[in-house]
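Going by this note's numbering, 60 is the number at position 60 of the sequence shown; the sequence numbering is gapless.
The structure under discussion appears below in the form of C-alpha cells.
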Amino acid sequence: MGNVTGAVPEPLPDWLTAARQITVLTGAGVSTDSGIPDFRGPQGVWTRDPEAEKLSTLQYYVADPDVRRRAWQERLHHAAWTAEPNAGHAALVDLERQGRLRALVTQNIDGLHQQAGNSPARVIEVHGTVHQVVCLSCGDRMSMRSALDRVEAGDPDPACGICGGILKSATISFGQALDGAVIEAAFDAAGDCDVFLAVGTSLTVHPVAGLVDVAARAGARVVVVNAQPTRYDDLADLVVREPISEVLPRLLAG
C-alpha cells in the first residue's frame, strides 16, 4: 500500500498538502535532537543500563527506598531541564498555526512541545509529564521544581506534605494504569483526522500503537517517520526514514 522510499516525496502528495485535520503521535525520536536520550533504541537508557528500568517500575519504586533515592537523583539531572525544542518541534508548532493540527498525542514526558509553542490544549500527554509530582496516596500534585528543591536541601526521598505519602513524578511508570480520559482523547483524535502522522516512535507500546489502526480504519492516510522500521510500515501511505528535524518542516509546509 505504502510509499516506502524512505525519503520525502517531491512534490508532496496532494492528500497531505490538502489535509485540514492532522493528528500527530510523537515518540522519543522527536526529542533526541534536543539531547534527550530514548529508552529502547540501540543507545537507549534501558538498553545500556537494564537496572535503570527499575526506576520506572512502580512496584520497585513503592517498595524500595533505595530505588526512590536513586530516582530523585536522576530527576535532579534530567535532560529535560536543559533541553531546547528542535526544528521538529517547531514544525509542529507551525502546523498548529496553519490551523491543521487536530491534536498532538505524545509519548514524551519532557514538555518540549509546549515549550516550543504548541497549545497545551492540543497536547495529549499519554505518559504524563516530568514537570509535575503526584502523591501516590492522596493524589496531590505540585511542581517538580518544588520537590527537587527539597532534594537539593538534603531530603533524599521527599514525602507528601499533606499526607506523608510517597511522591513520584507525574509520569506513567511500568505497572501503573494509564489515565483513561487521556487515552480516550487520544483515540478520539485518531478516529477524527484526515492524516495520522506517527513521528519518532517504534509503535510497539500498546494501547498507543493501536491509534494507527483506529486512524486507518476511519479512513485517514497514515504517515510514519522513524529511523527504524515499524510494524505499521506496510499499512502506511508514506514512510520516511530521514532525520526527523530535517523532514518534518518539509512534510508539513503550509
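The beta-carbon is built from N, C-alpha and C at its ideal position, and this holds for glycine as well.
query	result
Near L58, what residues of its chain come up, given a Cβ to Cβ distance below 6 Å and the 5 sequence neighbours on each side ignored?	S173, G175 and Q176
Excluding the 5 residues preceding and the 5 following R241 in the sequence, name in chain order all residues of the same chain whose CB lies nearer than 6 Å to its CB.	G6
Tell me, to the nearest whole angstrom, how far the beta carbon of T171 is from that of I109; I am working on the premise that it is less than 8 Å.	5 Å
First and last residue of the alpha helix (DSSP H) that includes I183?	G180 to A190
Within the same chain, show all residues whose beta-carbon is closer than 8 Å to that of M1, passing over the 5 residues directly before and after it, in chain order.	Because M1 sits at a pLDDT of 47, beneath the cut-off of 50, its placement in the model cannot be relied upon, and the point is left open.
Looking only at C-alpha atoms, which of P120, K168, H131 and L112 sits nearest to R102?	P120
Report all residues from its chain with a CB closer than 7 Å to the CB of L112; omit the five preceding and five following residues, and keep chain order.	S31, S34, A83, P85 and H89
Is there contact between the stretch 216 to 225 and the stretch 187 to 198, where contact requires at least three CB pairs shorter than 8 Å?	yes
Based on DSSP bridge pairs, tell me the residues matched to T26.	T106 and V199
How close, in whole Å, do the beta carbons of H131 and M142 come, if the pair is a contact with beta carbons under 8 Å?	Not quite, the Cβ-Cβ distance comes to about 11 Å (not below 8 Å), so this is no contact.
What three-state label does DSSP hand L252 in the structure shown?	coil
Taking all protein chains shown into account, do 16 or more other C-beta atoms lie within 10 angstroms of the C-beta of H127, making it buried, or fewer, making it exposed?	buried
Between the alpha carbons of V224 and D213, how many angstroms are there, rounded?	13 Å
Determine the burial state of D155: buried for a count of at least 16 other Cβ atoms within 10 Å of its Cβ, exposed for fewer.	exposed
Let me confirm a value: E96 is counted as buried when at least 16 other C-beta atoms fall within 10 Å, else exposed. Which label applies?	buried
Just the Cα atoms here: how many angstroms apart are A227 and K54?	27 Å
Hey, how far is the Cα of R69 from the Cα of C160?	15 Å
Between the beta-carbon of G200 and the beta-carbon of A91, is there less than 8 Å?	no
The beta strand (DSSP E) spanning E125 covers which residue range?	V123 to E125
Please name the residue, chosen from V205, V222 and P249, that lies closest to D194 on a Cα-to-Cα basis.	V222
Between L12 and L211, is the Cβ-Cβ spacing less than 8 Å?	no
When DSSP labels each residue in this structure, what does S146 get in the three-state scheme?	helix
Pull up the distance between the alpha-carbon of Q115 and that of G164, whole angstroms please.	32 Å
Where does the unbroken alpha helix (DSSP H) through A71 begin, and where does it stop?	P65 to L76
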